[in-house]
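S.K.:
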Amino acid sequence: MNRHPYTPHGPGFQFIDHLTILEPGKKVKTKKWLDPQLSFFKDHFPGEPLMPAVLMIEAAAQAAGAVWGSMLDESAAPERYIVARILQFSFKEPVYPNQTLEIEATLDRNFGTLGQFSVQIFVANEIVAQGVVVMSRVLKQ
Numbered sequence: 401m402n403r404h405p406y407t408p409h410g411p412g413f414q415f416i417d418h419l420t421i422l423e424p425g426k427k428v429k430t431k432k433w434l435d436p437q438l439s440f441f442k443d444h445f446p447g448e449p450l451m452p453a454v455l456m457i458e459a460a461a462q463a464a465g466a467v468w469g470s471m472l473d474e475s476a477a478p479e480r481y482i483v484a485r486i487l488q489f490s491f492k493e494p495v496y497p498n499q500t501l502e503i504e505a506t507l508d509r510n511f512g513t514l515g516q517f518s519v520q521i522f523v524a525n526e527i528v529a530q531g532v533v534v535m536s537r538v539l540k541q
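So this is what it looks like as structure tokens:
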């Protein structure tokens with residue numbers, strides 16, 4: 401997959417396969433199929449692979465960044481989004497290879513170059529994780 405226009409990540413670290421803008425600049429829904437061949441599955445509990453929690457937070461952060469990108473023209477999108485803070489995150493169920501993450505990210509508060517986002521991660525319509533992340537954006541100069 402090519403680089404997604406609303407995220408600065410290359411294909412090797414992109415956790416968005418599909419993006420639906422539910423409300424521009426406010427809410428998006430993303431999907432990511434977890435290919436069993438992804439490198440982290442090999443060593444994150446060999447024989448019983450799980451998606452690392454930190455990568456679920458990264459997937460959530462990329463969805464949050466896509467919220468901001470959804471309100472901008474692709475040519476004006478920020479060069480990058482950076483996790484500034486994890487206010488809270490809880491994990492309810494493990495996530496396995498061959499599952500599809502569906503992530504809903506909603507902008508709760510906009511502080512200019514900082515934004516606070518509520519994020520829910522679903523697998524098969526069940527919440528597997530949720531939390532609040534603060535993102536920072538670096539604008540093109």
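Numbering-wise, my numbering comes out as the position in the sequence shown, counting from 1, plus 400. Ideal placement from N, C-alpha and C gives every residue a C-beta, glycine not left out.
(1) Please specify which runs of the alpha helix (DSSP H), each continuous and at least 4 residues long, are wholly inside the region 467-530, giving them in chain order.
(2) Given a threshold of 16 other Cβ atoms within 10 Å of its Cβ, counted over all protein chains shown, does T430 qualify as buried or as exposed?
(3) State the Cα-Cα distance for the pair R388 and T500, rounded to the nearest angstrom.
(4) Is the region 524-538 touching the region 482-492 in the sense that three or more CB pairs, one from each, lie closer than 8 angstroms?
(5) Would you mind sorting Q437 into buried or exposed? The rule is 16 or more other CB atoms within 10 Å of its CB.
(6) Measure the C-alpha to C-alpha separation of Q462 and E526 and round it to an integer number of angstroms.
(7) In angstroms, rounded to a whole number, what distance separates the CA positions of A466 and S439?
(8) Strictly by DSSP, which residues pair up with H418?
M.R.: So, to answer that:
(1) If we require 4 residues or more, the region 467-530 turns out to have no alpha helix (DSSP H) run fully inside it.
(2) So T430 ends up on the buried side.
(3) The structure shown has nothing for residue 388, since the chain only spans 401 to 541.
(4) The region 524-538 and the region 482-492 touch, with three or more beta-carbon pairs separated by less than 8 angstroms.
(5) Counting of Cβ neighbours within 10 angstroms places Q437 among the exposed residues, the total staying below 16.
(6) When rounded, the distance between both Cα atoms is 20 angstroms.
(7) Their Cα atoms are separated by approximately 24 angstroms.
(8) By DSSP's assignment, H418 forms a beta bridge with K431.
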